[in-house]
Amino acid sequence: MSRLAQLTHFHDRAEAQKITKAAYALNRSVTRPLEALSYERLSTVNEAQAVSAIRYLRTRRLEHQDRIFFATDVKEDLAFKRVPYKRFEEAVRQLGLAIGMLSQRPEEDYQEGPDNLWRLPGREFLVIECKNEAGSEEGIKKRDLGQLGQSIEWFKDRYGDTEPFIPIIIHPLSYVGPQATAIPDCRVIDGHRLRLLRDSFLDFVKAANEEVLGDPAAVHQQLATHNLTADRFIDAFTVPLA
Numbered sequence: 009m010s011r012l013a014q015l016t017h018f019h020d021r022a023e024a025q026k027i028t029k030a031a032y033a034l035n036r037s038v039t040r041p042l043e044a045l046s047y048e049r050l051s052t053v054n055e056a057q058a059v060s061a062i063r064y065l066r067t068r069r070l071e072h073q074d075r076i077f078f079a080t081d082v083k084e085d086l087a088f089k090r091v092p093y094k095r096f097e098e099a100v101r102q103l104g105l106a107i108g109m110l111s112q113r114p115e116e117d118y119q120e121g122p123d124n125l126w127r128l129p130g131r132e133f134l135v136i137e138c139k140n141e142a143g144s145e146e147g148i149k150k151r152d153l154g155q156l157g158q159s160i161e162w163f164k165d166r167y168g169d170t171e172p173f174i175p176i177i178i179h180p181l182s183y184v185g186p187q188a189t190a191i192p193d194c195r196v197i198d199g200h201r202l203r204l205l206r207d208s209f210l211d212f213v214k215a216a217n218e219e220v221l222g223d224p225a226a227v228h229q230q231l232a233t234h235n236l237t238a239d240r241f242i243d244a245f246t247v248p249l250a
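Rendered as structure tokens:
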């Protein structure tokens with residue numbers, strides 16, 4: 009489809025942009041359209057988390073060893089400081105999908121909103137700002153928490169005041185820096201919790217062999233064992249902002 013857009017561009021630029029938009033909606037690695045895409049809200053989750061995880065893992069990675077390679081790449085990209093922020097944010101998106109969440113990158117794909125947005129099956133949204141390149145030892149900066157505050161306002165504007173959500177910042181530290189103001193109910197995936205999450209995700213994918221993937225109940229059990237179910241994720245991998 010991307011190649012078709014290139015050929016169409018020579019005689020119909022408007023149509024070429026329509027094709028480019030359609031291609032980009034299917035595959036974020038192709039050429040970005042000149043005009044911003046209209047934001048598409050995450051839909052209501054109508055299937056069990058384990059079923060969503062099976063569908064994603066099976067359609068994206070055909071063999072168990074390939075899925076392990078995929079999970080290893082995601083784990084390596086979920087690192088502070090040494091990984092470029094765009095790779096880090098994409099790893100957050102893919103991890104969410106692979107454990108059965110709805111997951112997107114509004115700021116990257118639509119030029120608005122938070123770095124990452126998850127919808128937990130049957131539960132709340134996670135409004136996520138990623139600060140993996142942060143280098144301050146004095147706590148989370150005022151600017152970083154300000155960006156999370158803006159993302160919260162964006163979420164309320166797009167989804168209304170009645171949808172439940174949890175604001176999350178991924179940062180090496182878990183406490184507020186000088187002159188910064190804490191955000192109510194904010195949670196942090198700090199250095200320790202990120203390591204736990206990385207390891208749990210890889211261990212889950214290793215456990216999800218072909219036999220396990222053939223049984224949603226077994227996949228749910230593995231998600232629960234590794235604290236990746238919607239009801240366990242927050243307590244296992246985040247802490248309150250101090």
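Everything in the sequence shown is counted per the numbering used here, starting at 9 for the first residue and increasing by one. Here a beta-carbon is modelled for each residue, glycine too, at the ideal position from N, C-alpha and C. Predicted model only: the values in this text are computed from it and were never measured.
Residue i versus residue j: straight-line alpha-carbon distance, rounded
| i | j | result |
| --- | --- | --- |
| residue 249 | residue 97 | 21 Å |
| residue 219 | residue 128 | 25 Å |
| residue 180 | residue 173 | 22 Å |
| residue 123 | residue 137 | 5 Å |
| residue 132 | residue 186 | 30 Å |
| residue 130 | residue 236 | 14 Å |
| residue 201 | residue 243 | 10 Å |
| residue 231 | residue 158 | 32 Å |
| residue 110 | residue 152 | 24 Å |
| residue 203 | residue 55 | 29 Å |
| residue 113 | residue 163 | 13 Å |
| residue 195 | residue 215 | 28 Å |
| residue 167 | residue 99 | 24 Å |
| residue 241 | residue 165 | 26 Å |
| residue 189 | residue 161 | 16 Å |
| residue 102 | residue 208 | 15 Å |
| residue 146 | residue 139 | 14 Å |
| residue 226 | residue 105 | 18 Å |
| residue 221 | residue 50 | 25 Å |
| residue 95 | residue 88 | 11 Å |
| residue 67 | residue 210 | 18 Å |
| residue 108 | residue 239 | 13 Å |
| residue 12 | residue 45 | With a pLDDT of 43 at residue 12, under the threshold of 50, the modelled position of this residue cannot be trusted; read the value that follows with caution. Rounded to the nearest angstrom, the two C-alpha atoms are 19 Å apart. |
| residue 115 | residue 93 | 12 Å |
| residue 234 | residue 79 | 14 Å |
| residue 25 | residue 229 | Per-residue confidence for residue 25 stands at a pLDDT of 42, beneath the threshold of 50, marking its modelled position as unreliable; no derived number is given. |
Helix, strand or coil at residue i [DSSP, three-state]
| i | result |
| --- | --- |
| residue 111 | strand |
| residue 191 | coil |
| residue 224 | helix |
| residue 184 | strand |
| residue 196 | strand |
The beta strand (DSSP E) enclosing residue i, as first and last residue numbers
| i | result |
| --- | --- |
| residue 135 | 133 to 138 |
| residue 177 | 173 to 178 |
| residue 127 | 124 to 127 |
Burial state of residue i (16 or more Cβ within 10 Å)
| i | result |
| --- | --- |
| residue 169 | exposed |
| residue 52 | exposed |
| residue 77 | exposed |
| residue 119 | exposed |
| residue 175 | buried |
| residue 141 | exposed |
| residue 121 | buried |
Boundaries of the alpha helix (DSSP H) in which residue i is found, first to last residue
| i | result |
| --- | --- |
| residue 204 | 199 to 215 |
| residue 90 | No alpha helix (DSSP H) contains residue 90, which DSSP labels as neither H nor E. |
| residue 60 | 57 to 68 |
| residue 242 | 241 to 245 |
| residue 219 | 218 to 221 |
| residue 169 | It is not in any alpha helix (DSSP H) - residue 169 carries neither H nor E in the DSSP assignment. |
C-beta neighbour in chain D for residue i, strict 8 Å
| i | result |
| --- | --- |
| residue 145 | You won't find chain D in this structure, because it holds only one protein chain. |
Residues of its chain near residue i, where Cβ-Cβ distance is below 6 Å and the 5 sequence neighbours each way are ignored
| i | result |
| --- | --- |
| residue 47 | 118 |
| residue 75 | 65, 69, 213 |
| residue 134 | 126, 174, 176 |
Residues of its chain near residue i, where Cβ-Cβ distance is below 8 Å and the 5 sequence neighbours each way are ignored
| i | result |
| --- | --- |
| residue 224 | 56, 58, 59, 62 |
Sequence-distant residues of its chain with Cβ nearer than 7 Å to residue i (five each side left out)
| i | result |
| --- | --- |
| residue 155 | 137 |
| residue 198 | 179, 180, 181, 182, 247 |
| residue 206 | 83, 86 |
| residue 72 | 217, 218 |
| residue 149 | 185, 188 |
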